[in-house]
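Here's the structure, in structure tokens; my notes come after.
Number of protein chains: 2
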Amino acid sequence: MDNFNFYSPTEFVFGRGRETECGRYVRKFGGSKVLIHYGGGSAVKSGLLTKVKASLDAEGISYEELGGVQPNPRDTLVYKGIDLCRSRGIDFILAVGGGSVIDSAKAIAMGVCYDGDFWDFYCGKSRIEKALPVGVVLTIAAAGSEGSGNSVITKEEGMIKRGAGSDNIRPRFSVLDPELTCTLPAYQTACGATDIMAHVFERYFTNTKEVEITDRLCEAVLITMVRETPRVIKDPNNYEARANIMWAGTVAHNGIVGVGRSQDWNSHGLEHELSGLYDCAHGAGLAVIMPSWMEFVYKHDVMRFAQMAERVFGCAMHYDDPESTAVEGIKRFREFLHSIGMPINFAELGASEEDIPVLVEKLGVGDGKRWGFVQLSAEDCAEIYRIAARASL
Amino acid sequence: MDNFNFYSPTEFVFGRGRETECGRYVRKFGGSKVLIHYGGGSAVKSGLLTKVKASLDAEGISYEELGGVQPNPRDTLVYKGIDLCRSRGIDFILAVGGGSVIDSAKAIAMGVCYDGDFWDFYCGKSRIEKALPVGVVLTIAAAGSEGSGNSVITKEEGMIKRGAGSDNIRPRFSVLDPELTCTLPAYQTACGATDIMAHVFERYFTNTKEVEITDRLCEAVLITMVRETPRVIKDPNNYEARANIMWAGTVAHNGIVGVGRSQDWNSHGLEHELSGLYDCAHGAGLAVIMPSWMEFVYKHDVMRFAQMAERVFGCAMHYDDPESTAVEGIKRFREFLHSIGMPINFAELGASEEDIPVLVEKLGVGDGKRWGFVQLSAEDCAEIYRIAARASL
Chain P
110 MDNFNFYSPT EFVFGRGRET ECGRYVRKFG GSKVLIHYGG GSAVKSGLLT
160 KVKASLDAEG ISYEELGGVQ PNPRDTLVYK GIDLCRSRGI DFILAVGGGS
210 VIDSAKAIAM GVCYDGDFWD FYCGKSRIEK ALPVGVVLTI AAAGSEGSGN
260 SVITKEEGMI KRGAGSDNIR PRFSVLDPEL TCTLPAYQTA CGATDIMAHV
310 FERYFTNTKE VEITDRLCEA VLITMVRETP RVIKDPNNYE ARANIMWAGT
360 VAHNGIVGVG RSQDWNSHGL EHELSGLYDC AHGAGLAVIM PSWMEFVYKH
410 DVMRFAQMAE RVFGCAMHYD DPESTAVEGI KRFREFLHSI GMPINFAELG
460 ASEEDIPVLV EKLGVGDGKR WGFVQLSAED CAEIYRIAAR ASL
Chain V
110 MDNFNFYSPT EFVFGRGRET ECGRYVRKFG GSKVLIHYGG GSAVKSGLLT
160 KVKASLDAEG ISYEELGGVQ PNPRDTLVYK GIDLCRSRGI DFILAVGGGS
210 VIDSAKAIAM GVCYDGDFWD FYCGKSRIEK ALPVGVVLTI AAAGSEGSGN
260 SVITKEEGMI KRGAGSDNIR PRFSVLDPEL TCTLPAYQTA CGATDIMAHV
310 FERYFTNTKE VEITDRLCEA VLITMVRETP RVIKDPNNYE ARANIMWAGT
360 VAHNGIVGVG RSQDWNSHGL EHELSGLYDC AHGAGLAVIM PSWMEFVYKH
410 DVMRFAQMAE RVFGCAMHYD DPESTAVEGI KRFREFLHSI GMPINFAELG
460 ASEEDIPVLV EKLGVGDGKR WGFVQLSAED CAEIYRIAAR ASL
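Protein chains in written order, with my numbering: chain P, 110 to 502; chain V, 110 to 502.
This is the structure:
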């Protein structure tokens, strides 16, 4: 097992109706003047924003509002948020929404405390030393940003999507009410589930041996997702299934299922260029990329893929032909994604095979290799995109 | 799923040689004058204490020392520690040892900030509102106290063992170096492993339905323990196995495997009276009690015990006779405990069946019932002790 630090200081406040307590938690974690940050109209229409404001009012906490966060959140709104926070003396940012809103809130939080351009953190020019405290009221199980120290922002100029990370931007508290997710359309629910599974798979495929505990924790989350996702697709109001998925989404990405070993984030990397170029949902892009990445790399460690096939998808282990089990597991994963309504190739996603050179160019691999479970050259990445373009059941 | 809060703010610093960094973490979490709290001579003899002091010296942090913590740590030393902290202006307590040392450190930490008798917290007279910060350098994988908000102390007068808990006493950081556990005798290693498994089982047997994610996380830890414990019994220097067990011990008790549902702590409760009366190792007492408790309660939910048997111990599921699978699982658990050198009945533990009325009296159930998976009357507790007294393979 490799040496590691695990630090997840967020207080998770889980369950029915817990959003009415967010004022109390803002107070607990030192907020007195809040920026409520949110996306489109659904937080307003559903009455959630009214509840959040009432909760802040009850604690005598003042607030400003900034809505309009888009999926694949943009730098332009972040700059606006930073200016607003500075001019109004904001000391706490409350994100009401999903991963895009939380990531935008984190970007504002770090930007307010930094003299330079916040984009410095996303292009690797500077490290996040300080940030305003962030709280969350989560409305979709997907990104895991409610428990992570990460943020992904898209620079509108050139649609460049990049990530930044630090323990300093981990939310102080996150309210997780599964009931808030019952009104989500099936497509968004499935995109979220795909993202959650991808967060685990990116940690599951490792070159570090004998980290049994992390393997088993990964499988715990994956098995849960395989069971619970079809249940919510069939019955959107199934609270128990929604609750299992919501908590699985947090556990998948707060770090606990990835400790002590190397990871692989190439599927996320390859997907970022897809959603950057086509503005498609991140989960949908992952559904197209991840099984294709698996097909490209599985020979690197057939037994690990066979283990996944057997333990996660219940495939029979063929002891005389482990490769057939490994391949069957990847096939089952793609079938599972299709069964919950996800696209499985470029056409279904709205992408074009002709754009592959553009996608590869934007990845910026050059003559080098992308680090991971299997190191990938530019041509390897092109091949994975080609597999994804032509994939079928 | 029941509503819950999950809050585990401890920074875990895991791996080879990490104890040399503890000065830096004391500084990070605000300590400037430290009480180093430890047990017997092993922390001194092994050179660990010297390393810890060098690490504090390197940061210019001053310290006092208080050794002598016994297994089943006593109130008498806690009082001494509280006086010492007050007279020397201590602002941070660093526990170097296992669960007993950490629990004693937590008791001192809460006592220093409280005007009354610290025992008030353990007999339910008062709530822990404030405590000095505590840090940990862990030397045995067992109690999980390095990541928990709990402490168990024994009142010397009458040998009464009681627990107290609060998020305020969760360690700020815990250094976990698996190498420090390689020199542990096999018996202590096995006691620790039993305690870890018990922490998970106490959370596994629940009356709340459909919390798939928590079930699977529990099983992840249990499967890991079943695999890794025999490996370290056979080869005490197996670092990878030691590492898996050490991290499993933390995950087992920081709360993550118990969220969203009812739990059962009756095996711990019944064991506390055994180690209180006989001063036996907590893990050894649990090895005797827990399978006996299982035998007494399993009919309450045969399918849950069958699930445990199949998923944790790999028993064949007999679909036409699930009870036989359930019973087989309990049998396998007891055989497993025996195989790692644990006692399985009163005689092997050094306890006497004649004392059962005394044990039951000390439990203080009276005419009421102990809350849990199955509620237990005084007579039920006596019967579990009788099963434990006479157990065999």
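Idealized CB from N, CA, C, for every residue including glycine. Here the structure is a predicted model, which means the values were calculated and not measured.
Roughly how far, in whole angstroms, is the beta-carbon of ALA251 of chain P from the beta-carbon of GLY207 of chain P, given that I think they are within contact range, below 8 Å? For the purposes of this step, residue 251 of chain P is taken as residue 142 along the first sequence, with counting starting at 1. For the purposes of this step, residue 207 of chain P is taken as residue 98 along the first sequence, with counting starting at 1. A Cβ-Cβ separation of about 6 Å places ALA251 of chain P in contact with GLY207 of chain P under the 8 Å criterion.
Under DSSP, the alpha helix (DSSP H) around VAL411 of chain V begins and ends at which residues? If you number the second sequence from 1, residue 411 of chain V lands on position 302. For VAL411 of chain V, the enclosing alpha helix (DSSP H) begins and ends at 411-422.
Report, in whole angstroms, the separation of the C-beta atoms of VAL187 of chain V and VAL246 of chain V, which I expect to be a contact under 8 Å. Position 78 of the second sequence, counting from 1, holds the residue named residue 187 of chain V. Position 137 of the second sequence, counting from 1, holds the residue named residue 246 of chain V. That belief does not hold up - the Cβ atoms of VAL187 of chain V and VAL246 of chain V are roughly 20 Å apart, past 8 Å.
Who are the neighbours of VAL360 of chain P on chain V, taking C-beta pairs under 9 Å? Within the first sequence, numbered from 1, the residue matching residue 360 of chain P stands at position 251. One finds ILE322, LEU326, ILE365 in chain V with Cβ atoms closer than 9 Å to the Cβ of VAL360 of chain P, taken in chain order.
Measure the C-alpha to C-alpha separation of LEU502 of chain V and GLU488 of chain V and round it to an integer number of angstroms. Position 393 of the second sequence, counted from the start, is the residue given in the question as residue 502 of chain V. Position 379 of the second sequence, counted from the start, is the residue given in the question as residue 488 of chain V. When rounded, the distance between both Cα atoms is 25 Å.
Pairing CB atoms from the segment 299-306 of chain P with CB atoms from the segment 255-270 of chain P, are three or more of them under 8 Å? The segment 299-306 of chain P vs the segment 255-270 of chain P: no contact.
Per-residue burial, MET412 of chain V [other beta carbons within 10 Å of its own, 16 or more giving buried]: The residue labelled residue 412 of chain V in the question sits at position 303 within the second sequence. With a threshold of 16 other beta carbon atoms within 10 Å, MET412 of chain V falls short and is exposed.
Considering TYR428 of chain P, what are the terminal residues of the beta strand (DSSP E) in which it resides? Position 319 of the first sequence, counted from the start, is the residue given in the question as residue 428 of chain P. Segment: none, TYR428 of chain P is in no beta strand (DSSP E) and carries neither H nor E.
What's the C-alpha gap between LYS343 of chain P and VAL243 of chain V? Numbered from its first residue, the first sequence carries residue 343 of chain P at position 234. Numbered from its first residue, the second sequence carries residue 243 of chain V at position 134. Put simply, the backbone Cα of LYS343 of chain P is about 48 Å away from that of VAL243 of chain V.
Return the CA-CA distance between GLU462 of chain P and TYR172 of chain P, expressed in angstroms with no decimal places. Along the first sequence, one-based indexing puts residue 462 of chain P at 353. Along the first sequence, one-based indexing puts residue 172 of chain P at 63. GLU462 of chain P and TYR172 of chain P have their C-alpha atoms roughly 47 Å apart.
If you check the beta carbons only, do ILE453 of chain P and VAL406 of chain P fall under 9 Å apart? As a first step, residue 453 of chain P must be located in the first sequence, where it is residue number 344. As a first step, residue 406 of chain P must be located in the first sequence, where it is residue number 297. Taking 9 Å as the cut-off, the Cβ atoms of ILE453 of chain P and VAL406 of chain P do not count as close.
Members of the segment 111-142 of chain V near chain P, C-beta cut-off 9 Å: Within the segment 111-142 of chain V, ASP111, ASN112, PHE113, ASN114, PHE115, TYR116, SER117, PRO118, THR119, GLU120, PHE121, VAL122, PHE123, GLY124, ARG125, GLY126, ARG127 place their CB atoms closer than 9 Å to a CB of chain P, listed in sequence order.
Quick one: give me the first and last residue of the alpha helix (DSSP H) that PHE405 of chain V is part of. The residue given as residue 405 of chain V occupies position 296 in the second sequence. Per DSSP, the unbroken alpha helix (DSSP H) holding PHE405 of chain V starts and ends at 391-406.
Can you tell me whether SER171 of chain V is helix, strand or coil according to DSSP? The residue you call residue 171 of chain V lines up with position 62 of the second sequence. If DSSP states are grouped into helix, strand and coil, SER171 of chain V belongs with the strands.
Among V:TYR296, V:GLU470, V:ALA390, which has the Cα closest to the Cα of HIS447 of chain V? Taking the second sequence and counting its residues from 1, the one referred to as residue 447 of chain V is at position 338. Closest by alpha carbon: V:TYR296.
Could one say the Cβ of ARG336 of chain P lies closer than 9 Å to chain V's Cβ atoms, at least one of them? As a working note, residue 336 of chain P is residue 227 in the first sequence. Taking Cβ atoms only, chain V reaches closer than 9 Å to ARG336 of chain P, which makes this a yes.
May I ask you to report which of helix, strand or coil DSSP gives GLY274 of chain V? In the second sequence, the residue the question calls residue 274 of chain V occupies position 165. Correct three-state label for GLY274 of chain V: strand.
Beta carbon of CYS490 of chain V nearer than 9 Å to that of VAL467 of chain V: Position 381 of the second sequence, counted from the start, is the residue given in the question as residue 490 of chain V. Position 358 of the second sequence, counted from the start, is the residue given in the question as residue 467 of chain V. Contact flag unset, no.
Under 9 Å between C-beta atoms, does LYS160 of chain P make it to chain V? For the purposes of this step, residue 160 of chain P is taken as residue 51 along the first sequence, with counting starting at 1. Judged by the 9 Å Cβ criterion, LYS160 of chain P is not in contact with chain V.
For SER257 of chain P, is the classification buried or exposed, using 16 other Cβ atoms within 10 angstroms of its Cβ as the cut-off for buried? Numbered from its first residue, the first sequence carries residue 257 of chain P at position 148. With 16 or more other Cβ atoms within 10 Å, it is buried.
Nearest to LEU158 of chain V by alpha carbon, out of V:ALA167, V:GLY378, V:TYR147? As a first step, residue 158 of chain V is located in the second sequence; it is residue number 49 there, counting from the start. Distance from the Cα of LEU158 of chain V is smallest, within the candidate group V:ALA167, V:GLY378, V:TYR147, for V:TYR147.
Quick check for students: name the residue ranges of the alpha helix (DSSP H) that lie wholly in the segment 299-356 of chain V, counting only runs of 4 or more. You should have 321-343.
Could you tell me the alpha carbon to alpha carbon distance between ARG495 of chain V and SER486 of chain V, rounded to whole angstroms? On the second sequence, residue 495 of chain V is found 386 positions in, with the first residue counted as 1. On the second sequence, residue 486 of chain V is found 377 positions in, with the first residue counted as 1. If you take the alpha carbons of ARG495 of chain V and SER486 of chain V, they lie about 14 Å apart.
9 Å Cβ cutoff met for VAL122 of chain P and ILE145 of chain P: Taking the first sequence and counting its residues from 1, the one referred to as residue 122 of chain P is at position 13. Taking the first sequence and counting its residues from 1, the one referred to as residue 145 of chain P is at position 36. No. Outside cutoff.
Tell me which same chain residues have a C-beta within less than 7 Å of the C-beta of ARG125 of chain V, skipping the five on either side of it? Taking the second sequence and counting its residues from 1, one reaches residue 125 of chain V at position 16. Apart from sequence neighbours up to five positions away, the residues of its chain that approach ARG125 of chain V with a beta-carbon distance below 7 Å are ASP286, GLU288, ordered along the chain.
Is PRO466 of chain V close to chain P, meaning its C-beta is less than 9 Å from at least one C-beta of that chain? Position 357 of the second sequence, counted from the start, is the residue given in the question as residue 466 of chain V. Not one chain P Cβ lies under 9 Å of PRO466 of chain V.
Roughly how many angstroms separate the alpha carbons of PHE149 of chain P and ALA163 of chain V, rounded to a whole number? Position 40 of the first sequence, counted from the first residue, corresponds to residue 149 of chain P. Position 54 of the second sequence, counted from the first residue, corresponds to residue 163 of chain V. Per the sequence presented here, residue 149 of chain P reads as Gly, with Phe not at that position. Between GLY149 of chain P and ALA163 of chain V, the alpha-carbon positions lie close to 55 Å from each other.
Residues that ALA352 of chain P contacts on chain V, provided the C-beta gap is smaller than 9 Å: Mapped onto the first sequence, residue 352 of chain P falls at position 243. Per Cβ cutoff of 9 Å: MET110, GLU319, VAL320, ILE322, GLY369.
Along the beta strand (DSSP E) that carries HIS362 of chain P, what are the first and last residues, could you check? Counted from its first residue, the first sequence places residue 362 of chain P at position 253. Taken as a continuous stretch (DSSP letters only), HIS362 of chain P belongs to no beta strand (DSSP E), as it is neither H nor E.
Using three-state DSSP, classify GLU488 of chain P as helix, strand or coil. Within the first sequence, the letter at position 379 stands for residue 488 of chain P. Three-state DSSP puts GLU488 of chain P in a helix.
Kindly provide the ranges of any beta strand (DSSP E) runs that are 3 or more residues long and lie completely inside the segment 130-202 of chain V, ordered along the chain. List check, beta strand (DSSP E) in window: 142-147, 171-175.
Identified DSSP bridge partners for ALA204 of chain P: Here residue 204 of chain P refers to the residue found at position 95 of the first sequence. Looking at the DSSP assignment, ALA204 of chain P forms a beta bridge with P:HIS146, P:VAL245.
Is it buried or exposed for ASP212 of chain V, if we count other Cβ within 10 angstroms and need 16 for buried? As a first step, residue 212 of chain V is located in the second sequence; it is residue number 103 there, counting from the start. Around the CB of ASP212 of chain V, 16 or more other CB atoms lie within 10 Å, so the residue is classed as buried.
Counting only the same chain and skipping the five closest in sequence on each side, list residues whose C-beta sits under 7 Å from that of VAL330 of chain V. The sequence position of residue 330 of chain V within the second sequence is 221, counting from 1. Excluding the 5 residues flanking it on each side, VAL330 of chain V has same chain C-beta neighbours closer than 7 Å at VAL309, ALA357, VAL360, ALA361, VAL366, in chain order.
Are the beta-carbon atoms of ALA393 of chain P and MET451 of chain P separated by less than 9 Å? Along the first sequence, one-based indexing puts residue 393 of chain P at 284. Along the first sequence, one-based indexing puts residue 451 of chain P at 342. Inclusion of ALA393 of chain P and MET451 of chain P in the CB contact set at 9 Å is warranted, their separation being smaller than that value.
Pairs of beta-carbons, one from the segment 309-329 of chain P and one from the segment 345-355 of chain P, closer than 8 Å: are there three or more? Cβ pair count under 8 Å is below three, so no.
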